[in-house]
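Once you know that position 29 of the sequence shown is 87 in my numbering, the rest is easy, because the numbers rise by one and skip nothing.
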Amino acid sequence: MKHWTDGFAEDDADEPLVRPYTITGGRTTSERGDLTLITVMSAVPEAAVEQGPGRRKLQPEHRTILTLCARPQAVAEIASALDLPVSVAKILIGDLIDSGQLWARQPAYAWAGTGPDMAILKAVRDGLREL
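Here it is as structure tokens:
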């Protein structure tokens, strides 16, 4: 006779042992509205090399983010590397920004105040209509 728990061990092998709500301390959304998928994150140089007591208090995911951001990384890349939902990654990233260990930079077109060239977009649209 097969028991209802048979096979669960194999199914759960790919699941993380720590649930996202544990990693974020129960928070479900980031308090930062300025983080998008393409926001570029960089570790503050002192934070990237810091090995003192403050660094040890961070969760492993926070330390991984700091290591990843020694070179600029987009929020989406960080979430992928952590294998966590973007919403969870944003919460963790927000913690590091608030503590002064990460810098956030919007893509060039976001702070230049302009989007894509409308003339090019209209030309592409017109070309597609002619097909």
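Cβ atoms here follow ideal geometry from the backbone N, Cα and C, with glycine treated the same way.
Please read all numbers here as calculations on a predicted model, not as lab measurements.
Point to revise | CA nearest to the CA of residue 132, picked from 189, 99, 91 | key: Walking along the sequence shown from the start, residue 132 turns up at place 74. Checked all of 189, 99, 91; the closest Cα to residue 132 is 99.
Practice item. Could you tell me which of 143, 158, 161 sits nearest to residue 81, measuring between CA atoms? Key: For the purposes of this step, residue 81 is identified with residue 23 of the sequence shown, where counting begins at 1. Taking only the C-alpha atoms, the option nearest residue 81 is 143.
Review point. Exposed or buried, which one is residue 67 when buried takes at least 16 other CB atoms within 10 Å?
Key: On the sequence shown, position 9 is the one that residue 67 refers to. The pLDDT assigned to residue 67 is 49, lower than 50, so where the model puts this residue is not dependable; a value taken from the coordinates is nonetheless given after this. Label assigned to residue 67: exposed.
Check your understanding: Does DSSP classify residue 128 as helix, strand or coil?
Key -> By 1-based counting over the sequence shown, the position of residue 128 is 70. Looking at residue 128 - three-state DSSP - the assignment turns out to be coil, as it is neither helix nor strand.
Check your understanding: Under a Cβ-count criterion, where at least 16 other Cβ atoms within 10 Å of its own Cβ denotes burial, should residue 180 be classed as buried or exposed?
Key -> Within the sequence shown, numbered from 1, the residue matching residue 180 stands at position 122. Burial call: exposed.
Point to revise | Supposed contact pair residue 123 and residue 96 - C-beta distance, whole angstroms, cut 8 Å | key: Here residue 96 corresponds to residue number 38 of the sequence shown, with the count starting at 1. Here residue 123 corresponds to residue number 65 of the sequence shown, with the count starting at 1. Between residue 123 and residue 96 the Cβ distance is about 16 Å, and since that is not below 8 Å, they are no contact.
**Study point:** Endpoints, the beta strand (DSSP E) within which residue 216 is located
**Key:** A query on residue 216 cannot be resolved here, the shown segment of the chain reaching from 59 to 189 and no further.
Review point. Thinking C-alpha only, which one of 147, 128, 121 is nearest residue 136?
Key: Here the question's residue 136 lines up with position 78 in the sequence shown. Selected option, being the one with the closest Cα: 147.
**Study point:** Helix, strand or coil at residue 160 [DSSP, three-state]
**Key:** Here residue 160 is taken as the residue at index 102 of the sequence shown, counted from 1. Strand at residue 160.
Check your understanding: Between which two residues does the alpha helix (DSSP H) harbouring residue 183 extend?
Key -> By 1-based counting over the sequence shown, the position of residue 183 is 125. Here the alpha helix (DSSP H) through residue 183 covers 176-188.
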